[in-house]
Each structure stands twice: as C-alpha cells, then as structure tokens.
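> Take this structure, written in structure tokens, and hold onto it; I'll ask about it next.
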Amino acid sequence: METLQKLLATLDVKIKEGPFKVVHPMFGAINTMLFTPGHGTTTGPHIRDSIDMKRFMGIVIFALVPSILVGSYNVGAQAGVEGLFAAFMFGFLKLLPIIVVTYAVGLGWEMIFGHINGHDIHEGFLVTGILLPLTLPPTIPLWQVAVAVSFGTVIGKEVFGGTGMNLLNPALTARAFLFFTYPGDISGDNVWVAVDGFSGATPLAAAAASTGPAVEALNNAGFTLNSMFFGSVAGSIGETSTIAILIGAAILLITGVGSWRIMLATILGAYGMALIVQFFGADAAGGMRTLPAHYHLVMGGFMFGMVFMATDPVSAAGTNAGKWIYGILIGVMVILIRAFNPAYPEGMMLAILFGNVFAPLIDHFVVQANIKRRLNYGK
Amino acid sequence: MGVFKLKKGYDIPLQGKAERRVEKAPKTTAVAVQPIDFRGLRPAMKVEAGDKINRGSILFVDKQNPEILFRSPAAGTVREVVRGERRAIQRVIIDVAGDSAEKFDSYTLDQVNAFSSSQAKEVLLNSGLWPIIRQRPFSRIADMDATPKAIFISAVDSAPLQAESDMLLDGQEKNFQLGIQLLSKLTEGKIHLSVSTKTKTFFSNLSGVELHEFSGPHPAGNVGIQIHHIDRIQAGEKVWYLSPRHVSKLGGFLSTGEYSGTKTYALTGSELDKRYYVTGSEGALVSDLLSETLQNNTQRVISGNVLTGARSSTLGFVGFYDDMITVVPELEGRRFFGWLSLGLNANSFWPMFLSKLTPKKKLAPTTDMNGEERAFVSTGEYEKVLPMDVLPVHLCKAILVEDIELMEQLGIYEVAAEDLALCSYICPSKIEFGDTIEKGVEIMEKEG
Numbered sequence: 001m002e003t004l005q006k007l008l009a010t011l012d013v014k015i016k017e018g019p020f021k022v023v024h025p026m027f028g029a030i031n032t033m034l035f036t037p038g039h040g041t042t043t044g045p046h047i048r049d050s051i052d053m054k055r056f057m058g059i060v061i062f063a064l065v066p067s068i069l070v071g072s073y074n075v076g077a078q079a080g081v082e083g084l085f086a087a088f089m090f091g092f093l094k095l096l097p098i099i100v101v102t103y104a105v106g107l108g109w110e111m112i113f114g115h116i117n118g119h120d121i122h123e124g125f126l127v128t129g130i131l132l133p134l135t136l137p138p139t140i141p142l143w144q145v146a147v148a149v150s151f152g153t154v155i156g157k158e159v160f161g162g163t164g165m166n167l168l169n170p171a172l173t174a175r176a177f178l179f180f181t182y183p184g185d186i187s188g189d190n191v192w193v194a195v196d197g198f199s200g201a202t203p204l205a206a207a208a209a210s211t212g213p214a215v216e217a218l219n220n221a222g223f224t225l226n227s228m229f230f231g232s233v234a235g236s237i238g239e240t241s242t243i244a245i246l247i248g249a250a251i252l253l254i255t256g257v258g259s260w261r262i263m264l265a266t267i268l269g270a271y272g273m274a275l276i277v278q279f280f281g282a283d284a285a286g287g288m289r290t291l292p293a294h295y296h297l298v299m300g301g302f303m304f305g306m307v308f309m310a311t312d313p314v315s316a317a318g319t320n321a322g323k324w325i326y327g328i329l330i331g332v333m334v335i336l337i338r339a340f341n342p343a344y345p346e347g348m349m350l351a352i353l354f355g356n357v358f359a360p361l362i363d364h365f366v367v368q369a370n371i372k373r374r375l376n377y378g379k
Numbered sequence: 380m381g382v383f384k385l386k387k388g389y390d391i392p393l394q395g396k397a398e399r400r401v402e403k404a405p406k407t408t409a410v411a412v413q414p415i416d417f418r419g420l421r422p423a424m425k426v427e428a429g430d431k432i433n434r435g436s437i438l439f440v441d442k443q444n445p446e447i448l449f450r451s452p453a454a455g456t457v458r459e460v461v462r463g464e465r466r467a468i469q470r471v472i473i474d475v476a477g478d479s480a481e482k483f484d485s486y487t488l489d490q491v492n493a494f495s496s497s498q499a500k501e502v503l504l505n506s507g508l509w510p511i512i513r514q515r516p517f518s519r520i521a522d523m524d525a526t527p528k529a530i531f532i533s534a535v536d537s538a539p540l541q542a543e544s545d546m547l548l549d550g551q552e553k554n555f556q557l558g559i560q561l562l563s564k565l566t567e568g569k570i571h572l573s574v575s576t577k578t579k580t581f582f583s584n585l586s587g588v589e590l591h592e593f594s595g596p597h598p599a600g601n602v603g604i605q606i607h608h609i610d611r612i613q614a615g616e617k618v619w620y621l622s623p624r625h626v627s628k629l630g631g632f633l634s635t636g637e638y639s640g641t642k643t644y645a646l647t648g649s650e651l652d653k654r655y656y657v658t659g660s661e662g663a664l665v666s667d668l669l670s671e672t673l674q675n676n677t678q679r680v681i682s683g684n685v686l687t688g689a690r691s692s693t694l695g696f697v698g699f700y701d702d703m704i705t706v707v708p709e710l711e712g713r714r715f716f717g718w719l720s721l722g723l724n725a726n727s728f729w730p731m732f733l734s735k736l737t738p739k740k741k742l743a744p745t746t747d748m749n750g751e752e753r754a755f756v757s758t759g760e761y762e763k764v765l766p767m768d769v770l771p772v773h774l775c776k777a778i779l780v781e782d783i784e785l786m787e788q789l790g791i792y793e794v795a796a797e798d799l800a801l802c803s804y805i806c807p808s809k810i811e812f813g814d815t816i817e818k819g820v821e822i823m824e825k826e827g
C-alpha cells in the first residue's frame with residue numbers, strides 16, 4: 001500500500017508538471033478514489049463527518065444497481081431470450097456499450113473542463129454516466145449517445161460552472177436533446193425491443209392510443225398492473241421495473257441522499273392530478289384520460305424520474321418548503337402532459353425539466369417568505 | 380420559566396469526557412493574555428518585556444476605547460510580547476513568580492444594589508473584566524456606550540465534551556448572585572439565564588434573572604440559538620452575553636477586591652489518558668495543566684471544543700473564553716478506498732455508515748477532513764442541525780456574493796460562526812460555513 005501511495009504521489013507531481021497535464025483532473029479523481037485525500041483540518045471544526053461527495057454519489061450508484069440488474073434482464077426477456085442468466089447477459093451487453101460510451105465521452109469533457117478550471121473530475125458525473133443509459137432504449141445508436149452526453153455535459157452543466165451550479169439535470173438534458181433531435185430512435189414503437197424487425201409498444205403508448213377504456217387496451221396488449229410493477233414490459237432500460245426502482249428509493253431515503261419530501265410530493269401531485277383527470281375524463285371515448293390514477297405511478301418513466309432525477313439536489317428546489325411545491329409541480333405536470341399532449345405519451349422527462357427550470361423561482365419565494373417572517377418578528 | 384425543547388441539532392458521540400473531579404494544576408510556570416482571543420481588538424501595550432508586574436496589573440488597553448483594560452492573571456515578569464503578521468500583537472507572555480496582587484475596593488451585595496448604572500460601568504471597566512461581556516451582533520467585546528436590550532447567559536452545556544457548568548461554578552453561588560446584581564445595572568431589559576435539567580439546581584435560589592430551560596442536542600447550549608428563541612435581535616438592536624463562569628468571576632472580584640487569576644478547566648478528548656477538571660491559571664500554558672506528555676505532531680491540542688476551539692499545542696495558551704482543552708488524534712494518512720468503507724467506527728451524521736447502527740458507541744475521530752471541497756450539492760440537511768429559522772445555505776451564498784441587503788434580510792445579525800459549526804461538520808462538500816459567516820460578519824462591521 002505504501003509503495004502504491006508513493007507511486008501515486010510521484011505520478012501526481014509528474015503529471016501536473018508534465019506534457020500530459022490535461023489528464024491530471026482524471027488522475028486526481030482516481031488518486032483520491034484509491035486513497036482518501038489525506039487532508040487534515042486547519043481550523044475548527046477540527047473533526048469532520050466521514051461523509052464526502054464520493055460516498056454521497058456512490059450511494060446513488062448503489063441505489064441504481066437493482067434497476068441495472070432487472071433492467072438488463074428485461075431487455076433480454078423482451079427480445080425473447082430464454083433463461084434468467086442468458087436474458088440478463090443479453091441485456092447487460094446492450095447496456096454496457098451505452099454506459100462505456102457515456103463515461104468515455106462524458107469524462108473526456110469533464111477532464112477538459114477540470115483542466116480549464118483547475119479542479120479534479122467531480123463525482124457528479126459518475127451518477128450522470130449511469131443515469132443517462134438507463135433512460136435510453138436498448139437500441140439507441142451509440143454515436144447518438146456520444147452526441148447527447150456531450151450536449152448534456154457541456155451545455156447542461158459545464159457552461160454553468162460544473163457540478164453544483166447547473167440549472168438542469170445533465171442526464172435529462174442529454175435525453176431531451178436526443179428526444180428532440182432524433183425522435184425516431186428514442187420514441188415510437190420500434191426502438192424498445194433489441195431485436196431487428198420486432199416492434200413493441202410501451203404501456204404508455206398503448207394507453208394513449210386506445211380507442212376504448214385504457215385499461216382494456218393495456219390488457220389486450222398484455223400489460224397488467226403486475227407486469228408493469230415488476231417490469232416485464234417494454235421501455236427505457238432502467239425505467240420498467242417499479243419494484244427495482246423502489247428498492248433504490250429505499251436506499252436513497254434510508255441514507256438521506258434522496259429527499260423524501262420531493263418523492264412524496266411528486267406522488268401526491270401526480271396521483272391527485274390523475275384523479276382529477278380521471279374524474280373529468282370518465283366520459284372520454286378512450287386514451288389516457290380513461291386511465292385509473294394509480295396506473296400512472298407504475299407506467300413509463302414516472303418512478304425512475306421521481307426517485308433518481310427529480311431528487312437530484314442540485315437541480316431541485318433547495319428549500320424544504322420549496323421541495324414540496326417542486327414535487328407537486330412535477331407530479332401535476334407529468335399527468336397533464338400524458339393526458340393532454342398526444343404527441344408525448346411520456347411526460348416525466350419534460351415535467352422534471354420544467355420543475356428544474358422553476359426550482360430557483362420556487363426557492364426565491366420560500367426565501368422571501370423567510371425574510372418576511374424575520375421582518376414581522378415581534379410585531 | 381420558559382421551556383424550550385429543541386429537536387434540531389446533533390450530538391457527536393465522542394470519547395473523552397472529563398471525570399467529575401477537580402485537581403490542582405501540576406505547575407504554573409507561564410500565562411498569557413492574547414489579544415487574538417478578542418474579535419477585532421487592537422491593543423495598546425502598557426508593559427514591555429522585562430517589566431515586573433502584579434496579578435491585576437494592566438497589560439494593555441483597547442486602542443479605540445482606552446477605558447477597556449486587560450489585566451494580568453498572574454504576578455511575575457513579562458517574558459515577551461509576541462507579534463504576528465504586520466506586527467499585530469498576538470499574546471503577552473508572563474513568567475509567573477510570586478503572587479503579589481493589585482488591590483481594589485470590595486463591595487457587599489447591598490452596596491452593589493445601590494450602584495447607579497454609571498457607577499456599575501465604572502467599577503466593571505476598572506476591574507479589567509469588561510471583556511468578559513460580549514455583544515451580538517458580531518460577537519465582539521461589548522460596546523461601552525451601548526445600552527443592551529437584554530443580557531443573555533447560557534448555562535446549558537451542549538457542545539462536544541463541554542465542561543459542565545456546575546463543575547466550573549461549584550461553591551460560587553454567592554459570587555454568582557453578586558455578579559448578576561452588577562450586570563442588572565447595565566441594562567434596562569432583562570437578564571436571561573438559560574439552564575438545563577442538569578444545571579438548574581445550582582441556580583434555584585438566584586434572583587434578578589429570567590430563567591429559561593433548554594433541552595435538545597447541540598447547539599441548544601449556544602447563546603445565539605437561545606437568543607433566537609427567547610428574544611430575537613432585530614436590526615439596530617444590541618444584546619450582551621457572557622458565560623456563567625465569568626459572572627461568578629465578576630462576583631468574586633467585587634467581594635474580594637482582587638483580580639483572581641484562577642480558573643477551572645475540563646481536560647477532555649480521546650487522546651488524553653487522564654481526563655478530569657483542573658484548577659490552574661487564566662491564560663494557562665497548556666503543558667502546565669496536563670500531568671501527561673503529548674506529541675504535537677500526532678495529537679491535536681485544541682483550546683475549547685472540537686467544533687469551535689482554536690488550534691493550539693502543548694506550548695500554547697488557553698484562550699480567554701475557553702474553559703476546556705480537547706486533545707484528539709491527528710490525521711493518520713490516506714486510507715485505502717476510504718469512501719467505500721463500511722464505517723463501523725466512522726463518525727457521521729448521515730445514515731450511510733454502519734456506525735449509525737450503534738449510536739451510543741463513542742468514537743475517537745481524527746482531524747481528517749474526510750474529503751475535498753466541492754460545490755454545494757446537498758440540500759435540506761443543514762437545516763436539521765441548525766435550530767433557528769435561518770436558511771444557512773442561502774445566507775452563506777448571500778455572503779459569498781457580498782449582497783449586504785440580502786445578508787441582513789437572511790439573518791446575519793442573529794448568527795455567529797459557532798452556531799453554524801455543525802453545518803460545516805456534516806457537509807459532504809466540506810464547505811466552511813463558520814468561515815463564511817465570519818467573512819459576512821466582517822463585511823457587515825465594515826459597512827457599519
């Protein structure tokens with residue numbers, strides 16, 4: 001261990017001062033990942049919490065593992081591969097290249113910006129690099145992934161100053177970029193099954209296109225509440241299994257990494273709005289408005305977005321009161337988009353980006369309320 | 380009696396509390412009075428190296444307010460006036476010899492009762508004890524010409540391993556009452572005394588104060604938190620505060636007519652073998668108080684508590700407002716895959732380590748930062764350790780962009796660095812909240 005530490009220390013100086021100093025941010029990240037930075041406190045507090053950003057972001061990745069496992073299996077199962085392990089390996093080998101491209105391209109950008117700004121690669125990208133692939137269909141062309149990651153990292157994050165300064169969730173920014181530039185490869189019926197020539201609609205698409213009651217259409221297409229809960233349906237790689245996402249949610253909530261306020265508020269907002277839509281849509285001939293409210297919670301990207309994207313502390317509202325408003329706003333928006341915008345049966349991505357944009361404004365009002373309380377104290 | 384049950388906050392489970400027994404310090408070789416202990420003070424020296432002085436002799440005065448005196452806690456010879464950057468005076472070191480003392484008038488309770496407010500002020504200024512009273516906003520020595528809205532005293536011990544008030548005050552009931560009597564002449568408002576269930580018996584026969592009972596995790600014992608809950612500071616208002624130990628010190632001065640240099644400290648921290656209370660000198664040399672030898676390169680000596688204390692060493696002197704010494708292990712080096720550790724012995728507020736399953740287990744953390752500075756990422760957790768209606772992240776951001784109006788609106792007058800120390804402690808991005816608040820306070824002082 002000591003020899004390794006010494007080697008790292010020598011390399012650190014050599015790289016920083018040598019011709020390859022552009023890779024130093026990457027080296028620094030690996031260096032501090034292998035061994036703690038080893039910085040001591042100089043002033044009080046003389047002791048510090050054992051938590052750091054690496055642990056914080058590491059927990060998020062850990063919480064994503066169930067979705068990665070079940071999602072990979074489901075990609076295989078959807079493609080008709082038999083056997084648990086075979087299906088998993090089939091799916092995982094579809095997912096892995098997407099993750100590799102995401103990391104390679106994203107970390108490349110992070111390294112360049114780290115070099116310009118003089119800091120190591122920050123841990124935020126580790127999460128982005130897993131989140132984005134899980135929101136994509138298994139058939140996504142890898143060059144598109146590369147372009148999307150570039151857009152998400154540079155425009156979504158680095159131009160604002162890097163992790164912690166970004167307005168929008170970088171992974172969702174990247175996904176939205178793909179959604180609007182290459183819609184044919186990320187929506188429709190032909191992208192979800194990783195076998196050429198096979199098509200399969202997502203439950204959301206089936207419900208939206210229904211001409212009679214939506215539940216009937218879902219059942220006819222083979223979608224039940226159960227199958228949508230456990231995740232044996234078509235969809236983006238990580239979004240299909242509600243149960244896997246809920247395990248991740250439990251990890252985030254127990255460790256305090258994810259905000260329970262945002263999750264609860266999003267559910268309340270979505271469920272409440274879905275009830276309203278269902279109430280007024282009772283006489284509709286078909287489509288999303290005939291869908292019972294609780295179906296919305298297990299369909300499409302709702303759960304995945306709520307647990308892993310809406311709770312991104314950087315792009316979410318930062319005040320506790322603001323988190324309630326922010327969550328409810330996202331929940332309401334996702335149902336409105338799903339029910340009233342036939343072009344986008346999936347509303348979660350846009351709803352969260354919408355929430356991201358409004359988060360600073362929400363916080364502003366919460367801060368103003370705090371200021372007002374302070375002024376009125378004693379009056 | 381107002382009862383305040385605070386829920387927010389956090390008690391770091393630390394090893395190293397002092398046993399409840401008092402011993403005499405092994406020796407008293409040197410003491411120091413340190414202008415750096417007093418925020419914003421610019422001293423004008425009255426002695427120089429080699430001068431023979433008595434206990435109670437004037438060492439220096441406040442340049443802006445020469446009536447504010449700083450007296451020597453011991454008799455002997457001035458060894459050195461230590462200067463730092465730009466020749467700012469850091470400390471005056473005295474080699475202790477003998478115990479000849481300056482004589483002052485002594486007073487009974489009735490005599491103090493009959494004081495006018497200007498008389499009270501005059502006696503207090505002359506005693507050299509004026510600096511025991513500090514002022515919020517800004518935590519500096521009380522403004523001589525101000526009439527405070529109220530005076531606050533906290534006898535709630537919530538800081539990590541904090542010296543227990545009843546140990547420091549033992550047998551001082553009469554002096555405490557006398558001190559309160561004098562303080563009551565300095566304000567037209569109330570004297571608010573906060574106690575805990577542990578400390579309240581000591582104060583049961585006290586008159587002239589408004590008692591409040593506080594319970595809850597740290598920082599419930601911080602006077603700033605208590606002011607926020609009892610009677611908040613509004614723009615333009617000033618309140619004074621002091622420690623209970625200083626109240627009894629003041630009483631002792633009035634009843635004996637001597638500047639007493641003795642002070643009791645708690646010796647705490649996981650690195651000390653013998654932990655107890657020790658009676659030594661005010662401004663004592665750290666090694667004089669200890670009966671064991673420490674290694675300055677592997678052990679961190681702190682004057683005060685681990686959250687807000689000043690970094691010191693065995694060759695350092697205990698700060699004027701500190702009544703404890705904490706010794707913790709220095710950082711040991713880099714740990715292999717530290718961020719992935721199970722964390723059986725990891726000190727953490729966050730439920731991300733196995734140590735959270737054994738909340739009663741006392742830990743002995745080192746001075747490791749446990750990470751590197753990052754941008755603000757986490758939200759909502761800082762509020763959990765700050766029992767005030769203040770938004771810590773927004774306040775700090777206002778300070779960082781130097782938006783004075785917003786700083787005022789978000790409560791810069793109500794907070795001191797010590798109140799946000801736990802925010803720095805729990806921060807995954809390793810942001811220094813205390814330093815930021817300090818910077819904000821400096822900006823506000825400059826703006827007037």
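In order, the protein sequence lines correspond to chains A and B.
For the first sequence, our numbering assigns the number 1 to the initial residue and increments by one for each residue that follows.
For the second sequence, our numbering assigns the number 380 to the initial residue and increments by one for each residue that follows.
Note that the Cβ used here is the ideal one computed from N, Cα and C, for glycine as well.
#1: Check each candidate in Ile-530/B, Asn-684/B and Leu-710/B and name the one with the smallest Cα separation from Gln-678/B.
#2: Please list, in chain order, the chain A residues whose beta carbon lies closer than 9 Å to that of Arg-690/B.
#3: For the 8 Å Cβ check, are there 3 or more pairs between the segment 525 to 538 of chain B and the segment 453 to 470 of chain B?
#4: In chain A, which residues lie with their C-beta within 8 Å of the C-beta of Leu-646/B?
#5: Assign Thr-181/A to buried or exposed, taking buried as 16 or more other Cβ atoms, counted over all protein chains shown, within 10 Å of its Cβ.
#6: Taking a Cβ distance cut-off of 7 Å, strictly less, list which residues of the segment 752 to 775 of chain B are near chain A, in chain order.
#7: Look at the alpha carbon of Ser-691/B and the alpha carbon of Phe-365/A, and state the distance between them as a whole number of angstroms.
#8: Relative to chain A, which residues along the segment 698 to 714 of chain B have a C-beta separation below 7 Å, given in chain order?
#9: Taking all protein chains shown into account, decide if Trp-718/B is buried (16 or more other Cβ within 10 angstroms of its Cβ) or exposed.
#10: Name, going along the chain, the residues of the segment 263 to 275 of chain A whose beta-carbon falls closer than 9 Å to a beta-carbon of chain B.
#11: How about Thr-746/B: is its C-beta nearer than 7 Å to some C-beta of chain A?
#12: Cβ of Leu-448/B within 7 Å of Cβ of Val-457/B?
#13: Does the beta carbon of Arg-611/B come closer than 7 Å to any beta carbon on chain A?
#14: With a threshold of 7 Å on Cβ separation, who are the neighbours of Met-273/A within its own chain once the five nearest residues in sequence on each side are excluded?
#15: Between Pro-213/A and the rest of its own chain, which residues show a CB-CB distance below 6 Å, the 5 nearest in sequence each way excluded?
#16: Since Lys-642/B sits in a beta bridge, which residues does DSSP pair it with?
#17: Should Asp-312/A be flagged as near chain B, meaning a C-beta pair shorter than 7 Å?
#18: Taking the alpha carbon of Gly-712/B as the reference point, which residue from Gly-750/B, Glu-811/B and Ser-496/B has its own alpha carbon closest?
#19: Do you know offhand how far Val-145/A's Cα is from Met-786/B's?
#20: Please list the residues of the segment 93 to 116 of chain A that have a C-beta atom closer than 7 Å to any C-beta atom in chain B, keeping them in chain order.
#21: Based on DSSP bridge pairs, tell me the residues matched to Glu-589/B.
#22: Just the Cα atoms here: how many angstroms apart are Leu-548/B and Ser-627/B?
#23: So, are the CB atoms of Gly-630/B and Gly-558/B less than 7 Å apart?
#24: Whole angstroms are fine: how far does the CA of Leu-172/A sit from the CA of Ile-237/A?
#25: Express the C-alpha separation of Arg-400/B and Ala-411/B in angstroms, rounding to a whole number.
#26: List the DSSP bridge partners of Val-298/A.
#27: According to DSSP, is Trp-718/B part of a helix, a strand, or is it coil?
#28: Report back the beta-carbon spacing between Ile-140/A and Asp-189/A to the nearest angstrom; my notes put them in contact at under 8 Å.
#29: Closer than 8 Å is the cut-off here; do at least three beta carbon pairs connect the segment 122 to 140 of chain A with the segment 301 to 312 of chain A?
#30: Under three-state DSSP, which class holds Trp-192/A?
#31: Locate the alpha helix (DSSP H) running through Ala-171/A, then write down its first and last residues.
#32: Is it buried or exposed, Leu-434/B, if we count other Cβ atoms within 10 angstroms and call 16 or more buried?
#33: Closer than 7 Å, CB to CB, is Pro-422/B near chain A or not?
#34: CB Ser-544/B to CB Thr-580/B, shorter than 7 Å?
#35: With Gly-455/B as the anchor, note down where its beta strand (DSSP E) starts and where it stops.
#36: Whose C-beta lies closer than 6 Å to the C-beta of Ser-506/B among residues of the same chain, with five residues either side of it excluded?
Judging by the given coordinates:
#1: Gln-678/B has its Cα closest to that of Leu-710/B, out of Ile-530/B, Asn-684/B and Leu-710/B.
#2: Thr-41, Thr-42, Thr-43, Gly-44 and His-46
#3: no
#4: Near Leu-646/B there are no residues of chain A at all, since even the closest Cβ is about 16 Å away, more than 8 Å.
#5: exposed
#6: Arg-753, Ala-754, Phe-755, Val-756, Ser-757, Thr-758, Gly-759, Glu-760, Glu-762, Asp-768, Leu-770, Val-772 and His-773
#7: One alpha carbon belongs to Ser-691/B, the other to Phe-365/A, and they sit about 44 Å apart.
#8: Val-707, Glu-709, Leu-710, Gly-712, Arg-713 and Arg-714
#9: buried
#10: none
#11: Yes - at least one Cβ of chain A is within 7 Å of the one on Thr-746/B.
#12: Taking the C-beta atoms as reference points, Val-457/B is found no nearer than 7 Å to Leu-448/B.
#13: yes
#14: Gly-331, Val-332, Ile-335 and Leu-336
#15: Thr-290
#16: DSSP links Lys-642/B through a beta bridge to Gly-659/B.
#17: no
#18: It is Gly-750/B.
#19: 44 Å
#20: Cβ contacts with chain B: none found.
#21: His-571/B
#22: 7 Å
#23: yes
#24: Just so you know, the alpha carbons of Ile-237/A and Leu-172/A end up roughly 15 Å apart.
#25: 26 Å
#26: None, per the DSSP bridge assignment.
#27: Looking at Trp-718/B - three-state DSSP - the assignment turns out to be helix.
#28: Rounded, the Cβ-Cβ distance is 15 Å, inconsistent with contact.
#29: yes
#30: coil
#31: For Ala-171/A, the uninterrupted alpha helix (DSSP H) segment begins and ends at 170 to 181.
#32: It is worth fixing the name first, because residue 434/B is Arg in this sequence and not Leu. Its Cβ being crowded by 16 or more others within 10 Å, Arg-434/B is buried.
#33: no
#34: In this structure, Thr-580/B does not lie closer than 7 Å to Ser-544/B by Cβ.
#35: It spans 455 to 462 - the beta strand (DSSP E) in which Gly-455/B sits, taken as one unbroken run.
#36: Phe-632
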